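Note sheet for the following structure.
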Amino acid sequence: MSAPFEVLLYYKYSQIENPEAYAASHRELCLRLNLLGRILIAKEGLNGTVSGTEEDCRRYREALDADPITAGIAWKIDPVLEHAFPRLSIKVRDEVVPLALGEDDFSPEELTATHLKPEDWREVMKEDDVVLIDARNDYEWEIGHFKGAMLPKVNSFREMPQWVREHREELEGKKILTYCTGGIRCEKFSGFLLKEGLTDVYQLDGGIVTYGKNEEVRGEGFEGECYVFDERLSVPVNRTEGAKIISQCAQCGETSVRYRNCSWMPCNAQFICCERCEDEAGRYCKSVCREAAIMSPVAVVGG
Ligand SMILES: [Zn+2]
Ligand SMILES: [Zn+2]
């Protein structure tokens, strides 16, 4: 199977003096290369995921690698058959990953935990007195996470500091391992844990995506799939014999990783829906949504 397109996932903590001007020229670059996707730009750096042809993605990587602001990015590259985003969105924000620490905000360039390569992560994970923290949102870890990880019930990254303070006792004195999709959230989150006075903290270098691509560990210890921010919605991680799917269709309970949005537009919630249930009963996350859609069909999202 040839895959003439690529999805790139990347981040870079770096000083960007004038984020507005940088965003404008970055947009020109993306338009010239016909890239689609989502990029956040802040004074502290940038965080993006884009899709384009192999050739355009290669030229994009070359352009960023040659720019002192973005040199040294650890690119995560996935081959795909077509564009994985419907449009291009480039936004300027206060932070590339908002922890909303206000006055206590800090840069991961000053403070972040030790990075563990996939091979080391796999071994340290098995030690006693280790806690794993999934630094992603609940809808992300629902379809896949490391076995035994703490799974914070949060809707957004900015709720993590509060979660840490509530679970302080379980973390105290432990070796703490944090992981996220591509690594950027852990740069900040692990630094936050150190700032909170927890001392033995490590982060998964390159995140789940890199762990899944590593030919030695082959995703060992990860259950389910990894939620991604493009139209694929999830990608496989564990390529060992112990791989399994851990999430279920919200309607029938069969194992499935198929995320869809509820067709009842005022709801629009993302939920897991197997193909058979969608065919037979429609794409509704719960029966009240189906009933509401029948009463008021105008608010149903097609497709
Ligand atoms: Zn089902
Ligand atoms: Zn619904």
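Residues in the sequence shown are numbered consecutively from 144, following the working numbering.
Note that CB positions come from ideal geometry on N, CA and C, so glycine has one too.
Here the structure is a predicted model, which means the values were calculated and not measured.
query: Considering only the beta carbon of each residue, do V150 and D221 sit closer than 9 Å?
result: By one-based count along the sequence shown, residue 150 stands at place 7. By one-based count along the sequence shown, residue 221 stands at place 78. It is a contact, given that the beta carbons lie within the stated cut-off.
query: What does a CB cutoff of less than 7 Å around Q391 pick up in its chain, not counting 5 residues either side in sequence?
result: Stepping through the sequence shown from its first residue, residue 391 is reached at position 248. The answer, listed in chain order, is E397, T398, S399, I415.
query: L259 and L314: beta carbons closer than 9 Å?
result: Looking up residue 259 in the sequence shown gives position 116. Looking up residue 314 in the sequence shown gives position 171. The answer is no: Cβ separation not under 9 Å.
Delimiting residues of the alpha helix (DSSP H) encompassing R433: On the sequence shown, residue 433 is found 290 positions in, with the first residue counted as 1. 430-438 is the extent of the alpha helix (DSSP H) around R433.
message: Checking the sheet assignment: what are the DSSP bridge partners for T196?
response: Locating residue 196 in the sequence shown gives position 53, where the first residue counts as 1. According to DSSP, which records beta bridges pairwise, T196 is partnered with F148.
message: What does the Cβ neighbour count give for P211, buried or exposed, with the cut at 16 atoms within 10 Å?
response: As a first step, residue 211 is located in the sequence shown; it is residue number 68 there, counting from the start. Answer is exposed; the Cβ neighbour count stays below 16.
- prompt: Sorry if obvious, but does the Cβ on N411 come closer than 8 Å to a heavy atom of ligand 2?
  reply: Indexing the sequence shown from 1 puts residue 411 at position 268. Yes; taking the cut-off as 8 Å, the Cβ of N411 has a heavy atom of ligand 2 nearer than that.
task: Using 10 angstroms around the beta-carbon of M144, count the other beta-carbons present and answer buried if the total reaches 16, otherwise exposed.
output: Reading the sequence shown from its first residue, position 1 is the one you call residue 144. For M144, the pLDDT reaches just 48, beneath the cut-off of 50, and the residue's location in the model is therefore unreliable, leaving the point undetermined.
task: Please look up how many angstroms separate the CB atoms of K155 and G180, rounded, as I've assumed it's under 8 Å.
output: For the purposes of this step, residue 155 is taken as residue 12 along the sequence shown, with counting starting at 1. For the purposes of this step, residue 180 is taken as residue 37 along the sequence shown, with counting starting at 1. Wrong, their Cβ atoms sit about 15 Å apart, outside the cutoff.
- prompt: Are three or more beta carbon pairs between the stretch 296-304 and the stretch 271-285 nearer than 8 Å?
  reply: yes
- request: Report all residues for which the CB-ligand distance to some heavy atom of ligand 1 is below 6 Å; order them along the chain.
  value: C392, Q394, C395, E397, C417, R419, C420
C-alpha distance - R419 paired with I437, whole-angstrom precision: Looking up residue 419 in the sequence shown gives position 276. Looking up residue 437 in the sequence shown gives position 294. Going by the C-alpha atoms only, they are around 20 Å apart.
Closest by C-alpha distance to I159, when choosing among D237, F335, S232, D248: Indexing the sequence shown from 1 puts residue 159 at position 16. That would be D237, whose Cα lies nearest to the Cα of I159.
- prompt: When you compare each of P241, Y322, C405 to W284 by their alpha carbons, which one comes out closest?
  reply: Counting from 1 along the sequence shown, the entry for residue 284 is found at position 141. The candidate whose alpha carbon is nearest that of W284 is Y322.
task: Taking 9 Å as the cut-off, decide whether the C-beta atoms of I319 and I276 are in contact.
output: One-based indexing of the sequence shown puts residue 319 at position 176. One-based indexing of the sequence shown puts residue 276 at position 133. Contact flag set, yes.
task: Would you list the one or two residues that DSSP bridges to S377?
output: Taking the first residue of the sequence shown as position 1, residue 377 is located at position 234. Per DSSP, Y370.
message: Are there any heavy atoms of ligand 2 lying less than 8 Å away from the beta-carbon of W407, as far as the coordinates show?
response: Here residue 407 refers to the residue found at position 264 when the sequence shown is read from its first residue. Yes, ligand 2 has a heavy atom inside 8 Å of this Cβ.
query: Thinking just about the alpha-carbon of each residue, which of Y427, V371, M293 is nearest to the one in C395?
result: As a first step, residue 395 must be located in the sequence shown, where it is residue number 252. Out of Y427, V371, M293, Y427 has the C-alpha closest to the C-alpha of C395.
message: Which residues does DSSP list as the beta-bridge partners of L189?
response: The residue you call residue 189 lines up with position 46 of the sequence shown. Answer by DSSP bridge pairing, in chain order: K155, I184.
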